[in-house]
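For the sequence shown, the working numbering gives the first residue as 2, with consecutive numbering after it. Backbone N, C-alpha and C define an ideal beta-carbon position, used for all residues, glycine too. Written below as structure tokens is the structure these notes are about.
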Amino acid sequence: MAIKTRPLSDTETRSAKPKDKVFSLYDGDGLELRITPAGGKSWLFRYKRPHLKKPNTIKLGTYPETSLYQARKMRTEFRELLAKHIDPQNWLDLQNEKRQREMSNTLKDIAEKWFNVKFTKVSQRHAQNIRNSFVSHVFPELGNWPVTELTAPFVIDVLKPLEAADKAETLSRICQRLNELMTWCVNTGILQHNPLAGIKAAFVAAKATNMPTIKPEQLPELMKALSFAQIRMQTRCLIEWQLHTMVRPSEAAGARWDEIDRSEMLWCIPAERMKQKREHKVPLTDQTLALLDFMQPISGRSEYIFPSDRNPGKATHSETANRALQRMGYKGILVSHGLRALASTTLNEQGFDHDVIEAALAHQEKNQVRAAYNRATYLDRRRVLMQWWSEQIEQAATGKMLMVGKRGLKAV
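Listed below in structure tokens is the structure:
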């Protein structure tokens, strides 16, 4: 009959003294406390590997850092594994590998991988905005945390200072981007579920605001203000260029001479500069060609039509037109992006085809089924639309609106 080992007590493990040689105190079922001549105490678990039938020893930790209770708990877990013919050593190795992978999958490291995917689908300016928001508001507190350890309460607590600072719009965008990042982690197998899916609901919702713009009948007033504005001639031309071409502020500010095709009367904006990551061709009008002629000597040898004041090797800032409008007295009334809304409203009110207007604005069809069938660019029809709009702007500058007359053009 096998001799049953008497379990150890806390007093025995605590008071055990070292001897001249290494010895062990046994608790039973493979658990022992090894004591060295120097007085060091460590827990060991001895067993036979289920498939190899060879003895093996696993170190569970040192005493008293690992208590008798904790050592027994680990022994029980290992015995349960052995009952299922699972080698505890192999199981531990797998857990360590998993932990190492998790520790290497910090939010910052994973975000960089997500950026590589996300940034192929958005404009350079939007990509930079995303990166800046993470660098400023996410990475400082969360960047070194493994994504597997992120929880909603923890992340919400980290983001609360933004809410306290009344930065609801910034907070909303960060919540949306973190949610998108975590969903990507689920889709790529890094996470089993998205722990941050609902964090946006924990904060006060940002108030929806439209880009400030003016009514079509206020265009003459804008053109008059522009003509008397104390701003640089290049900035005035930039505002007019954006108004005529109906593009976004960043697209106008970054316009390059090599994007202009005078023979075809087109401005070809490459996909990487567009919000929707698709090339956009803008028909040039008599008025926009005249603007280019005017800017040629001003821009000098710069590759940009509207070069930076400080560094001609770079484009002017995308906020240049916006800041100028503020100085002109339009703060809270009109932003440079609102020039697109002004054009859209005017053209829709005048009966131009909605699809042609949307194509001119480089808007993406939100109805996926309709988008699959309607991939027309309406280039020829947009030429007529753009020329009408340029003439409208030109006449507004002289106080003569084209709201009536030339109705035949509206059929485009």
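- The residue among 382, 186, 154 and 167 with its C-alpha nearest the C-alpha of residue 118 is 186.
- Residue state for residue 268 is assigned as strand, using DSSP reduced to three classes.
- Per DSSP, reduced to three states, the secondary structure at residue 392 is helical.
- Judged by DSSP in its simplified three-state form, residue 201 adopts helix.
- For residue 27, the uninterrupted beta strand (DSSP E) run begins and ends at 24-29, by DSSP.
- If you look at residue 258, you'll find it isn't in any beta strand (DSSP E); DSSP assigns it neither H nor E.
- The C-beta distance from residue 393 to residue 346 rounds to 12 Å, too long to fall under 8 Å, and the pair is not in contact.
- As DSSP reads the structure, residue 46 sits in a beta bridge with 32 and 59.
- Under the criterion of beta carbons closer than 8 Å, residue 7 and residue 46 do not qualify as touching, at roughly 18 Å.
- In summary, residue 23 is exposed, with fewer than 16 beta-carbon neighbours lying within 10 Å of its beta-carbon over all protein chains present.
- Under the three-state reduction of DSSP output, residue 17 falls in the coil class, being neither helix nor strand.
- Residue pairing of residue 284 in beta bridges, as defined by DSSP: 267.
- Contact check for residue 213 against residue 320 fails: the beta carbons are separated by 9 Å or more.
- In this structure, the CA atom of residue 297 is about 7 Å from the CA atom of residue 306.
- Here residue 287 is exposed, its C-beta having fewer than 16 other C-beta atoms within 10 Å.
- Put simply, of 130, 173, 171 and 112 the residue whose alpha carbon is nearest the alpha carbon of residue 143 is 112.
- At a Cβ-Cβ threshold of 9 Å, residue 240 and residue 322 count as neighbours.
- The straight-line gap separating the alpha-carbon atoms of residue 329 and residue 231 is approximately 8 Å.
- In its chain, beyond the 5 residues on either side, 340, 343, 344 and 394 have a beta carbon closer than 8 Å to the beta carbon of residue 244.
- Counting the other Cβ atoms within 10 Å of the Cβ of residue 124 gives 16 or more, which makes it buried.
- Under the Cβ criterion (8 Å, minimum of three pairs), the stretch 220-231 does not count as touching the stretch 300-318.
- In this structure residue 65 is exposed. Its beta-carbon is surrounded by fewer than 16 other beta-carbon atoms within 10 angstroms.
- In chain order, 349 place their CB closer than 8 Å to the CB of residue 355, counting only its own chain and leaving out the 5 sequence neighbours on each side.
- Of 78, 173, 150 and 129, the smallest CA-CA separation from residue 100 is found for 150.
- The alpha-carbon of residue 154 is positioned some 40 Å away from that of residue 42.
- Contact between the stretch 121-138 and the stretch 80-89 is absent: fewer than three C-beta pairs spanning the two stretches fall below 8 Å.
- Distance between residue 33 and residue 67, taken at the CA atoms: about 13 Å.
- Secondary structure at residue 141: helix, using DSSP grouped into helix, strand and coil.
- When 389, 91, 388 and 325 are compared, the shortest CA-CA separation from residue 223 is found for 325.
- Boundaries of the alpha helix (DSSP H) harbouring residue 162: 153-165, taken from the DSSP string.
- One thing to note: residue 139 has its Cβ within 9 Å of the Cβ of residue 175.
- Taking each of 52, 382, 252 and 317 in turn and checking the Cα distance to residue 271, the smallest one comes out for 252.
- For residue 316, the three-state secondary structure derived from DSSP is strand.
- Residue 184 holds the alpha-carbon nearest to the alpha-carbon of residue 194 among 184, 235, 116 and 203.
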